[in-house]
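Peer 1:
What follows is the structure, encoded as structure tokens:
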């Protein structure tokens, strides 16, 4: 088990565990920027059959609403079909 943010290292993986902070703003709303940026990075190297696991403190549905579209955009793959 190892961790990296280097695209060359990530390209060799088939399982990704995203563990990033989810800070809240002054209105107690989550800032999903780190999560979205991590999703974009993974999307650049995501391959058919890969697994993406989100380990983050976000509201229910956040990964499907905010992260999955980013993964699909950058990878050209479809959620629950290709990954």
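In this note's numbering, the protein residues as written are 1 to 83.
For every residue, glycine included, the Cβ atom is placed at its ideal position computed from N, Cα and C.
Computed from a predicted model, the values in this text were never measured in an experiment.
1. Determine the direct distance from the alpha carbon of residue 68 to that of residue 17, and round the result to whole angstroms.
2. Spatial neighbours of residue 72 within its chain, please: CB distance less than 8 Å, with the 5 preceding and 5 following residues excluded, ordered by chain position.
3. For the alpha helix (DSSP H) holding residue 41, just list the boundary residues, first then last.
4. Give the C-beta separation of residue 46 and residue 75 to the nearest angstrom, bearing in mind that I take them to be a contact with Cβ-Cβ under 8 Å.
5. Let me know if residue 38 comes out buried or exposed under the rule of 16 or more other beta-carbons within 10 Å of its beta-carbon.
Peer 2: Looking at the atomic coordinates:
1. 14 Å
2. 43, 78, 79
3. 33-43
4. 4 Å
5. buried
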